Amino acid sequence: MSMETALRMIFIVLFLGWLMVWVLLPTKTYKQAWTPKLKTKLNSTYFGEQGTNLLLFTFPMMFIAALSCVYLHIQKKQKNFTSRSVVKSNLLAFWRRPLLVMAPLGIVTAMELAFAAMFVVLLIWSLSNYLYVSFGHLHMHKAGEKVWQAKFRSVSLRLGYVGNICWAFLFFPVSRGSSILPLIGLTSESSIKYHIWLGHLSMVLFAAHAIGFIIYWAMTNQMAEMLQWGKDWVPNVAGEIAIVFAMAMWVTSFPRVRRNMFEVFFYTHHLYALYIFFYVLHVGSAYFCMIIPGIFLFLVDRFLRFLQSRQRARLVSARLLPSGIVELNFSKSQGLTYNPTSTLFINVPSISKLQWHPFTVTSNCNMEPDRLSIVIKREGRWSQKLYQELSSSVDHLNVSLEGPYGPTSSPFLRHESLVMVSGGSGITPFISIIREIIFRSQSANLHIPRVLLICAFKNSGDLTMLDLLLPISGTHTQISKMQFQIEAYVTRENEQTFTDSQKLLQTIWFKSDPADSPVSATVGPNNWLWLGAIISSSFVMFLLFLGIVTRYYIFPIEHKTNETYHFTLRALWDMFLVCICIFIASSAIFLWCKKQNAMEVKSNLNLEVPTPTTSPGSHFHVADRELESLPHQSLVQATKVHFGSRPDLKKILSECKGSDIGVLVCGPRKMRHEVAKICSSGLADKLHLESISFNW
937 MSMETALRMI FIVLFLGWLM VWVLLPTKTY KQAWTPKLKT KLNSTYFGEQ GTNLLLFTFP
997 MMFIAALSCV YLHIQKKQKN FTSRSVVKSN LLAFWRRPLL VMAPLGIVTA MELAFAAMFV
1057 VLLIWSLSNY LYVSFGHLHM HKAGEKVWQA KFRSVSLRLG YVGNICWAFL FFPVSRGSSI
1117 LPLIGLTSES SIKYHIWLGH LSMVLFAAHA IGFIIYWAMT NQMAEMLQWG KDWVPNVAGE
1177 IAIVFAMAMW VTSFPRVRRN MFEVFFYTHH LYALYIFFYV LHVGSAYFCM IIPGIFLFLV
1237 DRFLRFLQSR QRARLVSARL LPSGIVELNF SKSQGLTYNP TSTLFINVPS ISKLQWHPFT
1297 VTSNCNMEPD RLSIVIKREG RWSQKLYQEL SSSVDHLNVS LEGPYGPTSS PFLRHESLVM
1357 VSGGSGITPF ISIIREIIFR SQSANLHIPR VLLICAFKNS GDLTMLDLLL PISGTHTQIS
1417 KMQFQIEAYV TRENEQTFTD SQKLLQTIWF KSDPADSPVS ATVGPNNWLW LGAIISSSFV
1477 MFLLFLGIVT RYYIFPIEHK TNETYHFTLR ALWDMFLVCI CIFIASSAIF LWCKKQNAME
1537 VKSNLNLEVP TPTTSPGSHF HVADRELESL PHQSLVQATK VHFGSRPDLK KILSECKGSD
1597 IGVLVCGPRK MRHEVAKICS SGLADKLHLE SISFNW
């Protein structure tokens, strides 16, 4: 048995055990038979009532998160893309096929639908068992209270318990540098929809929980309970504040608001810190330990992203295409590696100090070891301002970056053929894929799929995006070794038109600044072992500090006063210790890695690309080349342009030759859904949809 197989078995056993604890939690057996025994053995003077939950709910997922870093490190070193993975994928072909294509859910595979159904069953099971146990031992909270009122209160309370299950999973999908998501072939971009689903579901449950208690208090003349913040029990005020923040985030996260007023959604969603704070104060330390793994790992990821974003990236050049497209080229260290379809988050302080925008990385770390590129289309206000600033003879631009984040492998390369369907700027994820295939075509022993690129543009000026398929340093012989065909459709013009503005592609070279540094490999996908060290050391530190505080501070106070320690203060201690331990471990290791990266950059200064030869004082290098000569002639020969029509995707996909065809689509929602429906139909079993976009 190999090391990878052994680790996978450990992950499966631990995860299934963790899930079984959630399944058993609401049952009568767990409450009446197991809980007393567990408390007797695990609730020591070092951890108090948190001991049981720390072992059963926190430890398994934290152990998986730390150990998965070792697994991913081994996998990255081996780069094992054997035929075994192809067989495995063929066996799972049915489960990966789109089964449900509809708004607002988007494209849902059979596997996603199955897991979603199982999760809903878990919630129903938990609620029914909670109510069964509760109704068997109803507790009247007020003299004269009726049985149905007590049951109404019990239902409202248990809805909150079930909402905690959603919170146990809520933060895993939004950890961009997660070590858990790659274990199941996911990235934060592809799994963001799970966060959205869980967010909506938890908000329905928590809203029902809050409204239910307000109705109960009104029915039993206990409205004063809304202002209760007790010393030894759940503070109602904290829960009410938390639900106010949650409602603000929920309302602004609906698709119509998010798409039309993104900045409102963006800024409002940063209330999550206050939401978590008051939520933990409301549920207390014991329940906090049940949901802490997702929050803990998210905070580790968020703080590492904060540390990376404090550095200014070295922007080398920008290419301005006449269609309003901008390609930004950054200097990067050769130790930074990433896979096609990775995402980079960019912040330009001169435009907005708070806004971070994600863009697909178009460069290839094998073909361009010292360059990292992204493509931005001039559409929203932020991108409009960026385009204007670049067009205003600027010779330097301060930019901060987070990432890149992306898949740990390139599974789409296993197919016999690849069909890539794009609309407008949706072509950008395919640029990095094509460059990776071009690089692999130079090696005789690597499998290279046939490639058909179907791209639809509104105007002929947008055809200049095809100029970006090859890097600046590419040669025309590179593409000749692969089977490559481009079918470009211009939907709003019946013939090709050129103006002076459409013939020019402008390249801007920026002055270097000593304060800027190349984009370097940060802790995470490029340093899995260091991320594992942060997770394990910060968690062990948290347990150590929690044990010391509980045993030598909280326990003596309880022993002296013969009273339970303040409910809220205990929760504050937990949050404080989590934050301080993450801060210490992450800062120390990040600074060490930063020092190592600085030494690498210093030793590779001679690899910097020289400044282009232009006239003194000029920072513009204008290439007056027509579309026919860009990119190189071999690429032009592989391109066929259709004017005044849209691609007949059903016909094109059904006529594709081969038994194993990977289909990738990125563009407007209508296009994505159309392709997904074709792949889900019985028309072509040979088609395998590969999801690469989270913009659903």
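Offset between the sequence shown (1-based) and my numbering: plus 936. Don't be surprised by glycine CBs; every beta carbon is placed ideally from N, CA and C. Predicted model, so just to flag it, every value in this text is computed and none were measured.
The C-beta distance from Asp1306 to Gln1270 rounds to 6 Å, short enough to meet the 8 Å contact threshold.
By the Cβ rule, the region 1071 to 1079 does not count as touching the region 966 to 979, because fewer than three pairs are nearer than 8 Å. Assignment of Trp1509 by DSSP, reduced to helix, strand and coil, places it in the helix class. Exposed is the label assigned to Glu1199, since fewer than 16 other Cβ atoms lie within 10 Å of its Cβ.
Using a 10 angstroms sphere on the CB of Gln986, the tally of other CB atoms reaches 16 or more, which defines it as buried. DSSP, reduced to helix, strand and coil, places Cys1391 within a strand of the structure shown. The Cβ atoms of Val1357 and Val1611 sit closer than 9 Å to each other. With contacts defined by Cβ atoms closer than 9 Å, Ala1144 and Leu1106 do not form a contacting pair. A check of alpha carbon separations from Thr1575 across Glu1591, Gln1419, Tyr1501 identifies Gln1419 as the nearest. Around the Cβ of Arg1428, a 10 Å sphere holds fewer than 16 other Cβ atoms; the residue is exposed. Of the candidates Arg1255, Gly1362, Gly1316, the residue whose Cα lies closest to the Cα of Ser1327 is Arg1255. Annotated three-state conformation of Val1459 is coil, per DSSP.
The three-state secondary structure of Pro962, taken from DSSP, is coil. The C-alpha of Ile1312 lies about 14 Å from the C-alpha of Leu1251. Here Gly1359 is buried: its Cβ has 16 or more other Cβ atoms, across all protein chains shown, within 10 Å.
Contact check for Leu1382 against Val1006 fails: the beta carbons are separated by 9 Å or more.
Boundaries of the alpha helix (DSSP H) around Thr976: 971 to 978. Taking Trp1133 as reference, the option from Ala1039, Asn1196, Val1219 with the minimal CA-CA separation is Ala1039. The C-beta distance from Leu1067 to Ser1090 rounds to 7 Å, short enough to fall under 8 Å. In this structure, DSSP gives Thr1575 an extended state, which the three-state scheme calls strand. In the DSSP assignment, Asn1172 falls outside any beta strand (DSSP E) and lies within the alpha helix (DSSP H) extending over 1172 to 1187.
Closest in C-alpha terms to Phe1071, from the list Trp1084, Ile1060, Leu1059, Trp1061, comes Trp1084. Judged by DSSP secondary structure, Gly1072 falls within the alpha helix (DSSP H) whose first and last residues are 1046 to 1072.
Of the residues assessed, Asp1398 falls on the buried side of the cut-off, its CB having 16 or more other CB atoms within 10 angstroms. Only buried fits Ser1368, as 16 or more other CB atoms lie within 10 angstroms of its CB.
Residue state for Phe1190 is assigned as coil, using DSSP reduced to three classes.
Between Val1455 and Lys1268, the CB-CB gap stays under 9 Å.
Taking C-beta separations shorter than 6 Å and ignoring five residues to either side along the sequence, the partners of Leu1308 in its chain run Phe1266, Lys1268, Ser1299, Val1455, following chain order. Judged by DSSP in its simplified three-state form, Asn1381 adopts coil rather than helix or strand.
No Cβ-Cβ contact shorter than 9 Å links Gly1580 with Lys1622.
Per DSSP, reduced to three states, the secondary structure at Gln1442 is strand.
Here the C-alpha atom of Gly1220 lies approximately 39 Å from the C-alpha atom of Pro1285.
For Cys1005, the uninterrupted alpha helix (DSSP H) segment begins and ends at 995 to 1014. Counting only the Cα atoms, Lys1586 lies some 6 Å from Ile1614. His1293 is bridged by DSSP to Ile1282.
Taking the CA atoms as reference points, Ile1374 sits about 17 Å from Ser1345.
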